[in-house]
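Everything below concerns the one structure shown next.
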Amino acid sequence: LGTDLTTLGLNLNSNENLYHSFLSPFSDSPCRLQDIDFPVPTEYIIN
Amino acid sequence: PLGKTVLTKEQNQHLAILEGAYKKLPHPSDTERSRNYLPRIAVNTPAHYPQVPPVGHDSLDFLCKLNCDTLFFMFYYMEGTKAQFLAAQALKKLSWRFHTRYMMWFQRYEEPKVITDEYEMGTYVYFDYSKWAQNRKDGFTFEYKYLE
Amino acid sequence: FEDPEGLKEKSEQLLHEWIQHHSSLPLKENTKAFQQFVLQMNSQGLFKTDDMITRFFRICTENCVETCYILITKNQRQACYQRLDAFVKLIILLVKHSGDQTNHVNKINLFNKVLGLIAGCLLYDQESKLGQFEPMPFHRLFFMLLFEANLPENNLEPIIYHVLQAFVNVYHIIRPTKAPGFAYSWLELVSHRVFLSKMLQVSQPTPDQSFKSWNMYATILTQLIKFLSPFLRNIELTQSVMLLYKGTLRLFLVLLHDFPEFLCNSHYQLCDAIPSNCIQLRNLVLSAFPRSMKLPDPLTPNLKVDMIADIDANPPKIAYPYTYNIPSKLKNDLDSYIKTRAPISFLSDLRSYLQTSPEIGSRYNIQLMNALVMYVGTYGIQALRSKSLTPTHTNLTHAVHSTYIDIFQTLVADLDSEGRYLFINAIANQLRYPNSHTHYFGCVLLNLFSEANTEAIQEQITRVLLERLIVNRPHPWGLLVTFIELIKNPQFKFWNHQFVHCAPEIEKMFLSLGKNCV
Chain F
6 LGTDLTTLGL NLNSNENLYH SFLSPFSDSP CRLQDIDFPV PTEYIIN
Chain U
9 PLGKTVLTKE QNQHLAILEG AYKKLPHPSD TERSRNYLPR IAVNTPAHYP QVPPVGHDSL
69 DFLCKLNCDT LFFMFYYMEG TKAQFLAAQA LKKLSWRFHT RYMMWFQRYE EPKVITDEYE
129 MGTYVYFDYS KWAQNRKDGF TFEYKYLE
Chain V
812 FEDPEGLKEK SEQLLHEWIQ HHSSLPLKEN TKAFQQFVLQ MNSQGLFKTD DMITRFFRIC
872 TENCVETCYI LITKNQRQAC YQRLDAFVKL IILLVKHSGD QTNHVNKINL FNKVLGLIAG
932 CLLYDQESKL GQFEPMPFHR LFFMLLFEAN LPENNLEPII YHVLQAFVNV YHIIRPTKAP
992 GFAYSWLELV SHRVFLSKML QVSQPTPDQS FKSWNMYATI LTQLIKFLSP FLRNIELTQS
1052 VMLLYKGTLR LFLVLLHDFP EFLCNSHYQL CDAIPSNCIQ LRNLVLSAFP RSMKLPDPLT
1112 PNLKVDMIAD IDANPPKIAY PYTYNIPSKL KNDLDSYIKT RAPISFLSDL RSYLQTSPEI
1172 GSRYNIQLMN ALVMYVGTYG IQALRSKSLT PTHTNLTHAV HSTYIDIFQT LVADLDSEGR
1232 YLFINAIANQ LRYPNSHTHY FGCVLLNLFS EANTEAIQEQ ITRVLLERLI VNRPHPWGLL
1292 VTFIELIKNP QFKFWNHQFV HCAPEIEKMF LSLGKNCV
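Residue numbers (the working numbering), protein chains in the order written: chain F, 6 to 52; chain U, 9 to 156; chain V, 812 to 1329.
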């Protein structure tokens, strides 16, 4: 059951928390910027 | 060292049902707010295309190197996300200012002719999202109450 | 059952109207439209009784799900989202406006009710539709309810802790052993960044609630491990199990990186559930250490563990009430033996408590074994501390501690190899970051090695440590330090043992390990 845990697509040396951009337990790539909902100023909600 | 255990009937059932679920895995978009203007659509691009964003793509320095149109695209098409927020920060760093009434980004074309506590007036470049183009505007009054 | 005549049609008509006309409105208009809509619902008698509103939600949930089944076959996933998100919007507005602003009970009850209804529909659907079951509609409903509940505009912040509790309850109801058809969605939901941050960030209104949400999350993880356990135990890794296991590893890696204190707090409960051959996942949990702590390099020459600052000062927090795993009769006998060394038969009876089945490979109650070791060890540490003694090889046999070490030595001598393997594992599960348990149980293990009356025991202790060392990283600090002490300290005469030289590749491995370590 051993796995090289550095191959699961998580940047384990990151100084930032990983969970902010943790896309899915089934994905080996993190969220893209446009995937992360963010509390932007209401003026930015243009559409 | 403990060896195998015989799976119970229920565990074998679980395994069979899991096999079925394995064919209907969740899509990343199932757990994301609907993106009306840029929905996530999985497309199998050729393997030699970059499959993940470049390293450092989520840093302000990286965004400041992008050309303005890219930042405007991120700002207007990725609403309510970290991309929009960072794009706005990068634009400000590149001395653009967001006008909250026209909802457009303005940049001084030259030193304004008039500057008071309430407004400044002069020639500006602005990005018109409806025409998706940058235009120049002479004699424009930028009221500070609309400065974000 | 027995929905009142016409209720289904009325409810579906109202839902359809809401989805068509109101849901996509911006917030301001949406609220006005909502007020109009509520008047309509009221005029249809939907608020007359608790039963009616419950039926309304159930009918709407079923309607949304049925429609999604059709849209999914047409590959119109986005259209599903619109429908489901609109229904969620209606739910959230009804929750937000139920009861008055100060009394939150109505809101919380309504939220629990809706989640329970969706869970009920999910379980019913999974059972009735079998292979045709579609997880996505339920997945989307649960996610969007959590997402909307966290939106500042819905100002549910005052009840967010109760909202999280509601989700923990519903995730328990639809845990993978109950809804294996929903297992992937379930793992995705419980590991979602919004849920993680709410459950694990120390941001609850009170510290006590933070710990409670930590313990709730540990219970969720335990449910996941319990589902995987039989398949991992047999290393029956179909692709479907492997995907779920890899997803579990990813989640635990994020927890190790971002919330190590949470893993430190929950290691006992998780190790109780992790199958003993799932060594890497267990090492991952045991490798966590508080971010405020600086770990001395285990390879530091002449590292004296007992010289490490406050290693004995603070017993690590064990959140899980493990003593409840010890039957009260055994606990009473244990307490009386520890106090009075009587009844003398207690030691020889111990194995009978632990052995619960004749089935090879499942003979022992692992949770009881773990609890017994933790119970005896915890009091053994207190006994040493009462005489201001630190755990050293000699102090373990000191009069004040002799009953405790007797119990451990009896177990290691009496148990068969299966039982001894589980017993040694229970001790090795405490070898973590520098703390009084790591120090004490490390000494106990080395003491059992040096006092062993057969080489088989020494070999088995070595095996248990070794199998934890030869898997991929990470490796717990306490494991490394204990193993290095074993192979370095001449008192244990490690290299003299026949099993170290039992085969050339084994000897080579020990030598390379020894070279790395020494």
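We put the CB at the ideal spot given by N, CA and C, even for glycine.
*Counting contacts by CB-CB distance shorter than 7 Å, is U/Asp125 in contact with chain V?*
For U/Asp125, no CB of chain V lies under 7 Å from its own CB, so it is not counted at the interface with that chain.
*asked:* Would V/Gly1172 and U/Gly11 be called neighbours here (beta carbons separated by less than 7 Å)?
replied: A distance below 7 Å separates the beta carbons of V/Gly1172 and U/Gly11.
_CB-CB length for V/Leu1067 against V/Leu1074, believed under 8 Å_ = In this structure V/Leu1067 touches V/Leu1074 by the C-beta definition: roughly 6 Å separates them, less than 8 Å.
*V/Ala1099 in three-state terms, based on DSSP*: Annotated three-state conformation of V/Ala1099 is coil, per DSSP.
*For V/Phe812, is the classification buried or exposed, using 16 other Cβ atoms within 10 angstroms of its Cβ as the cut-off for buried?*
Around the CB of V/Phe812, fewer than 16 other CB atoms lie within 10 Å, so the residue is classed as exposed.
*Backbone CA spacing between V/Thr1049 and V/Leu1097 [nearest angstrom]*: V/Leu1097 has its alpha-carbon roughly 27 Å from the corresponding atom of V/Thr1049.
*Whose Cβ in chain V lies nearer than 7 Å to the Cβ of F/Ser29?*
When 7 Å is used as the limit between beta carbons, F/Ser29 is near these residues of chain V: Glu999, in chain order.
*Can you tell me which of the three DSSP states U/Val14 falls into?*
Look at U/Val14 here: in three-state DSSP terms it is coil, with no helix or strand label.
*Buried versus exposed, by CB contacts within 10 Å (16 or more), U/Val122*: Around the Cβ of U/Val122, a 10 Å sphere holds fewer than 16 other Cβ atoms; the residue is exposed.
_Host alpha helix (DSSP H) of V/Thr865 (start-end)_ = V/Thr865 -> alpha helix (DSSP H) spans 861 to 884.
*Helix, strand or coil at F/Val45 according to DSSP, with G and I counted as helix*: F/Val45 falls in the coil class under three-state DSSP.
_For chain U, check one thing: does any of its Cβ atoms lie closer than 7 Å to the Cβ of V/Gly1230?_
Put simply, the CB of V/Gly1230 is far from chain U, with every gap to its CB atoms at 7 Å or more.
*asked:* Do V/Ile919 and V/Ile985 have their beta-carbon atoms positioned less than 7 Å apart in this structure?
replied: Cβ distance not < 7 Å, so V/Ile985 and V/Ile919 don't count as in contact.
*asked:* Suppose you measure from the CA of V/Ser1103 to the CA of V/Trp1288; what does that come to, to the nearest Å?
replied: Straight-line measurement puts the Cα of V/Trp1288 at about 15 Å from the Cα of V/Ser1103.
*Taking Cβ to Cβ, would you say V/Ile1295 is nearer than 7 Å to V/Phe1305?*
For V/Ile1295 and V/Phe1305, no; Cβs fall outside 7 Å.
*With DSSP run on the structure shown, which of helix, strand or coil describes V/Arg986?*
In this structure, V/Arg986 counts as coil in the three-state DSSP scheme.
*Contact list for the region 68 to 93 of chain U against chain F, Cβ threshold 7 Å*: Answer in chain order: Tyr84, Met86, Glu87, Gly88, Thr89, Lys90, Ala91, Gln92, Phe93.
_Any heavy atom of the ligand COA inside 6 Å of the beta-carbon of V/Thr1203?_
As for the ligand COA, it is missing from this structure, which has no ligand bound.
*Could you please give me the residues that DSSP links to U/Phe148 through a beta bridge?*
U/Gly130, per the DSSP bridge assignment.
*If you measure from the beta carbon of V/Gln1309 to each beta carbon in chain F, is any gap under 7 Å?*
Not a single CB atom of chain F sits nearer than 7 Å to the CB of V/Gln1309.
*For U/Asp69, three-class secondary structure by DSSP*: Assigned with DSSP and collapsed to three states, U/Asp69 falls in helix.
*Taking 7 Å as the cut-off, decide whether the C-beta atoms of V/Thr1201 and V/Asp1117 are in contact.*
Yes, they are a contact pair.
*Between which two residues does the alpha helix (DSSP H) carrying V/His1078 extend?*
For V/His1078, the uninterrupted alpha helix (DSSP H) segment begins and ends at 1071 to 1084.
*Please state whether DSSP places V/Val1005 in a helix, a strand or coil.*
Looking at V/Val1005 - three-state DSSP - the assignment turns out to be helix.
*Of all the CB atoms in chain U, is at least one closer than 7 Å to the CB of V/Gly942?*
Taking CB atoms only, V/Gly942 has a neighbour in chain U less than 7 Å away.
*If we cut at 7 Å on Cβ distances, does F/Asn20 have a partner in chain V?*
Chain V places no beta carbon closer than 7 Å to that of F/Asn20, leaving this residue out of the contacts.
_Cutoff 7 Å: U/Asp136 Cβ touching any chain V Cβ_ = No, no contact with chain V.
*Under 7 Å between beta-carbons, which chain C residues line up against U/Ala96? List them in chain order, please.*
Looking for chain C here will not work: the only protein chains present are F, U and V.
*Fully enclosed by the region 930 to 998 of chain V, which alpha helix (DSSP H) runs are 4 residues long or longer?*
Listed in chain order, the complete alpha helix (DSSP H) runs (minimum 4 residues) inside the region 930 to 998 of chain V are 947 to 960, 971 to 984.
*Alpha carbon to alpha carbon, how far is U/Pro36 from U/Phe83? Give it in angstroms, no decimals.*
Looking at the two C-alpha atoms, the distance is approximately 22 Å.
*Determine the extent of the alpha helix (DSSP H) in which V/His1204 is found, giving its start and end residues.*
Element bounds for V/His1204: 1204 to 1207.
*Would you list the one or two residues that DSSP bridges to U/Leu155?*
When DSSP reads this structure, U/Leu155 sits in a beta bridge with U/His107.
_Can you check whether the C-beta of F/Leu6 is within less than 7 Å of a C-beta belonging to chain V?_
With 7 Å as the cut-off, F/Leu6 counts as an interface residue toward chain V.
*asked:* Between F/Leu15 and chain U, is any beta-carbon pair separated by less than 7 Å?
replied: No, because no Cβ of chain U sits closer than 7 Å to the Cβ of F/Leu15.
*Return the residues of the region 30 to 64 of chain U that lie within a Cβ-Cβ distance of less than 8 Å from chain V, sorted by chain order.*
Residues of the region 30 to 64 of chain U with a C-beta less than 8 Å from any C-beta of chain V: Tyr30, Lys32, Leu33, Pro34, His35, Ser37, Asp38, Thr39, Arg41, Ser42, Pro47, listed in chain order.
*Considering only the beta carbon of each residue, do V/Arg1162 and V/Asp1225 sit closer than 7 Å?*
Yes, the pair counts as a contact, with Cβ atoms nearer than the cut-off.
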